[in-house]
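For the sequence shown, full-length UniProt numbering gives the first residue as 1, with consecutive numbering after it.
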Amino acid sequence: PVYTQDDVTKHRTLEDGVWVTYNGSVYDITDFVAVHPGGDKIMLAAGGALEPFWALYAVHNQEHVLEILAEYKVGELCPGDCKEEGATSADPYSSDPPRHPALRVNSQKPFNAEPPSEILSENFITPSAFFFKRNHLPVPRVDPHAYRLEIHGLPRGPVCLSLEEIKTKFPKHTVTATLQCAGNRRSDMNRVKQVKGLNWGISAISNATWGGARLRDVLVYAGYLPGSSARHVQFEGLDVDPTGTPYGASILLGKAVSEEGDVLLAYEMNGEDLPADHGYPLRVVVPGVVGARNVKWLGKIVVSEEESQSHWQQNDYKGFSPGTDWDTVDFKTAPAIQELPVQSAITVPQEGVVLGAGQGTVTVQGYAWSGGGREVVRVDVSLDGGRTWNVARLQHGEEGGAAPAPPNRSWAWTLWELRAPLPPGARELEIVCKAVDSSYNVQPDTVAPIWNLRGVLSNAWHRVRVRVSED
Ligand code: HEM
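Pasting the structure below:
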């Protein structure tokens with residue numbers, strides 16, 4: 001039999017059956033779940049594809065694993081996008097791409113979702129399927145042959161480039177860079193007092209290798225010369241609201257033209273064409289700068305004396321005092337967020353888990369990152385709510401074969417780990433982490449003093465409470 005992705009997605013529990021797909025086939029693995037050597041992690045794949053998980057857990061790249069899987073085959077997956085025709089209703093989201101069911105969805109339309117945090121720190125490079133998705137509008141379907149990028153505001157006059165020209169006229173450059181949503185960890189602020197915005201956990205952050213043309217090279221081609229009075233580079237997406245207004249944002253021209261800014265017009269993510277959710281066929285990647293300025297489905301660039309006048313540049317993505325509320329806020333008084341502050345969070349163990357005292361040690365893992373290319377120089381971890389501290393072992397990209405980042409160009413996150421003896425007799429641990437960047441910026445210890453009405457820039461010490469069993 002042939003099954004659609006929808007048929008597979010319906011099978012996500014032991015009661016309804018657990019189905020997965022692999023290489024175009026469908027498997028009913030309900031009976032295998034209890035005997036899986038890797039434990040109940042297998043349930044993360046329920047209703048979706050195995051490939052992105054097996055990219056994380058390379059132990060599966062062996063023949064005997066495929067032999068086990070073959071025993072559970074029940075049919076084929078409908079090739080291509082087998083959505084029922086006629087469903088192309090007036091819904092502007094009807095052409096959104098399929099997504100992996102393991103993502104934790106914060107909003108379906110527009111699609112906003114984060115990966116389960118326990119898998120976030122499994123790999124230095126986040127597989128694209130699990131990279132957090134933050135869309136403001138429906139995903140535009142762009143024909144790569146008809147695609148054109150317009151560039152305005154430079155001496156050569158309006159310049160228009162096809163995708164092929166962007167790929168062939170300019171050298172390809174790759175950059176490994178972490179993107180973080182301004183609202184990452186907003187749920188911590190919500191616990192202090194309700195804010196407006198998607199209730200992101202700790203996983204609205206991910207790391208990928210991006211490939212494309214340098215924005216600098218494209219601007220120089222369009223006639224950019226130092227000394228112009230322009231200060232900003234505005235970007236417009238091809239994603240539009242019902243009135244036809246596109247998503248828009250801007251960055252400083254200085255960042256865009258700097259030899260060391262590494263700003264890309266990216267057409268590749270992790271060695272493949274950009275996925276639809278990440279801006280196919282072309283997006284901006286602005287390393288060290290808040291996700292919101294990394295405009296996807298890029299249609300237009302304007303070099304200007306002015307910032308982008310878009311809603312998202314002017315009336316959103318700004319920080320305010322904890323004393324400012326929706327009656328008193330004046331968005332004109334705060335600058336648009338560009339570089340983000342130093343951040344870290346604990347991905348393992350998860351809140352509420354029970355550790356076995358018999359093991360004698362606890363392993364704590366997480367991520368740390370800072371904006372503006374500032375390197376993470378230290379991560380401190382406490383097992384007792386912040387009274388005593390240990391220094392975590394940092395894992396920069398080099399262990400994965402990446403070259404060390406030059407000074408002030410640490411665009412990628414740092415994963416870290418601490419293995420420490422369990423404090424004797426402790427029945428409960430309050431695990432805390434905090435990172436230090438190369439400018440010796442530190443994270444604030446509590447959320448309340450940095451609370452703001454939009455719930456952005458949430459970077460207080462991350463705390464996770466776990467219990468220790470008696471055995
Ligand atoms: C039907 C799908 C799957 C099959 C047939 C399968 C099979 C296996 C097998 C045979 C091993 C032992 C490999 C060895 O040591 O030689 C293993 C280990 C493991 N699996 Fe899976 N697996 C599946 C899905 C998954 C998924 C979706 C995940 C994660 C989300 C996962 C996570 C793991 C982990 C972490 C281990 C390593 C455990 C350890 O190192 O002790 N597996 N799996």
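Every residue, glycine too, gets a C-beta built ideally from N, C-alpha and C. From a predicted model like this one, the values you see are computed outputs, not experimental measurements.
The count of Cβ pairs closer than 8 Å, one atom from the region 175 to 182 and one from the region 141 to 155, stays below three, leaving the stretches out of contact.
Residue state for residue 152 is assigned as strand, using DSSP reduced to three classes. In its chain, beyond the 5 residues on either side, 8, 9, 20, 21, 100, 101 and 102 have a beta carbon closer than 8 Å to the beta carbon of residue 48. Less than 8 Å separates the beta-carbon of residue 56 from that of residue 127. Taking a C-beta distance under 8 Å as the contact criterion, residue 265 and residue 166 qualify as a contact pair. Not one heavy atom of the ligand HEM falls within 7 Å of the beta-carbon of residue 3.
The beta strand (DSSP E) runs of length 3 or more contained entirely in the UniProt domain "Cytochrome b5 heme-binding" (1 to 78) are, from start to end of the chain, 17 to 22, 25 to 28 and 73 to 77.
Of the heavy atoms belonging to the ligand HEM, none sits nearer than 7 Å to the Cβ of residue 180. For the region 158 to 211, the continuous alpha helix (DSSP H) assignments of 4+ residues that do not extend past its boundaries occur at 163 to 169 and 186 to 192, in sequence order.
Between residue 434 and residue 310, the C-beta gap is not smaller than 8 Å, which leaves the two residues out of contact.
Counted as a single uninterrupted DSSP element, the stretch harbouring residue 256 is not any beta strand (DSSP E) but the alpha helix (DSSP H) occupying residues 253 to 257.
Secondary structure of residue 326 (DSSP, three-state): coil. The C-beta distance from residue 163 to residue 239 rounds to 17 Å, too long to meet the 8 Å contact threshold. Inter-segment contact for the region 365 to 382 and the region 409 to 423 is present: three or more beta-carbon pairs are separated by less than 8 Å.
Under the DSSP definition of a beta bridge, residue 437 partners with 376. Distance from the CA atom of residue 66 to the CA atom of residue 449, rounded to whole angstroms, is 53 Å.
Under DSSP, residue 463 shares a beta bridge with 432.
For the 8 Å CB-CB criterion, residue 231 and residue 252 form a contact.
Collapsing the DSSP output to three states places residue 310 in coil. Counted as a single uninterrupted DSSP element, the beta strand (DSSP E) harbouring residue 298 occupies residues 298 to 304. Within the same chain, Cβ atoms closer than 8 Å to the Cβ of residue 355 are found at 349, 362, 422, 429, 466, 467, 468 and 469, the five residues on either side in sequence being excluded.
Taking a C-beta distance under 8 Å as the contact criterion, residue 437 and residue 376 qualify as a contact pair. Distances taken from the Cβ of residue 20 to the heavy atoms of the ligand HEM include one shorter than 7 Å. The three-state secondary structure of residue 271, taken from DSSP, is coil. Between residue 111 and residue 360, the alpha-carbon positions lie close to 43 Å from each other. Distance from the C-beta of residue 170 to the nearest heavy atom of the ligand HEM is not below 7 Å. In the DSSP assignment, residue 286 falls outside any alpha helix (DSSP H) and carries neither an H nor an E.
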